[in-house]
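Per the working numbering: the sequence shown = residues 450 to 513.
Note that the Cβ used here is the ideal one computed from N, Cα and C, for glycine as well.
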Amino acid sequence: DYEWSCDKVRKFDLTKRCRAVLFSPIFGRIDPRQIVEWILVDKLDVRFQLQMHKFIWTPTQRGV
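This is the structure in C-alpha cells:
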C-alpha cells in the first residue's frame, strides 16, 4: 500500500541508496492519477511506472 511504501522509502533512505524507486498501481484497483497526486503532494523522489501491456492489450492476456 502507498503509506507502507512511503514509510520504507523514508526509513531506509531508498532514494539515496537505489538508482530508482518505482511506484506502480495495481491495474484496475486504483486510478493511476491518484498515486501520482499522492507522490506530488508528498514530494517523493520516486518514479511512477505503468504496466503498459495492460493498456495496449487486454489486461488478462498473457505472454505479451
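Using the DSSP secondary-structure output, state which residues sit across from leucine 471 in a beta bridge. Arg496
Distance between valine 458 and leucine 489 (C-alpha atoms, nearest Å): 15 Å
The alpha helix (DSSP H) that contains arginine 482, what's its start and end? 481–491
Whose C-beta lies closer than 6 Å to the C-beta of arginine 496 among residues of the same chain, with five residues either side of it excluded? Ala469, Leu471
To which residues of the same chain is serine 454 closer than 7 Å at the C-beta, ignoring the five residues directly before and after it? Phe472
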